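In the numbering used here, the protein residues as written are 34 to 170.
Quick notes on the structure that follows.
Here's what the structure looks like:
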């Protein structure tokens, strides 16, 4: 009886360990990131909140300080993306543009570049936008 309980316990431990290795439960870009972005020619604190839908597409919001107070915007993945490099569209009171994000392998931080758009065409992504998991050491 004791041997059976130990076997069951060992099986349960292996099953729980295995759940952490399932691709669907792997690291994800979903989360709250604190960082900086260049806006209006100056570095601004920015909080970026990213979500991942059932199909794996990123969407979210961001909030930053600007010369008029607080800037709030939305993010949506531009194309079907996978992996640690993703391209999103940002939209706020100033317009819209592209944001290219490059995540660390564990998705605890990203380095990004953003650019605006004019007449439906995206400018080069030349302004920095960074983030690290808020509260991370």
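Note that the Cβ used here is the ideal one computed from N, Cα and C, for glycine as well.
Remember, it's a predicted structure, so these values are computed and weren't measured experimentally.
So, helix, strand or coil for residue 125, using DSSP?
Here residue 125 corresponds to residue number 92 of the chain shown, with the count starting at 1. Reduced to three states, the DSSP call for residue 125 is strand.
Is residue 168 helix, strand or coil by DSSP?
By 1-based counting over the chain shown, the position of residue 168 is 135. Of the three classes helix, strand and coil, the one that applies to residue 168 here is coil, per DSSP.
Could you check where the beta strand (DSSP E) with residue 149 kicks off and where it finishes?
Numbered from 1 along the chain shown, position 116 holds the residue referred to as residue 149. For residue 149, the enclosing beta strand (DSSP E) begins and ends at 142–151.
Residues in the same chain with beta-carbon distance under 7 Å from residue 164, minus the five sequence neighbours each way, listed in chain order, please.
Position 131 of the chain shown, counted from the first residue, corresponds to residue 164. Contacts found: 66, 67, 68, 81, 142, 143.
Using the C-alpha atoms, what's the distance from residue 134 back to residue 111?
For this step, residue 111 is matched to residue 78 along the chain shown. For this step, residue 134 is matched to residue 101 along the chain shown. Between residue 111 and residue 134, the alpha-carbon positions lie close to 12 Å from each other.
Would you say residue 132 and residue 91 are within 8 Å of each other, going by their C-beta atoms?
Here the question's residue 132 lines up with position 99 in the chain shown. Here the question's residue 91 lines up with position 58 in the chain shown. It is not a contact, given that the beta carbons lie outside the stated cut-off.
Taking 8 Å as the cut-off, decide whether the C-beta atoms of residue 31 and residue 130 are in contact.
Not covered by the structure: residue 31. The range shown for the chain is 34 to 170.
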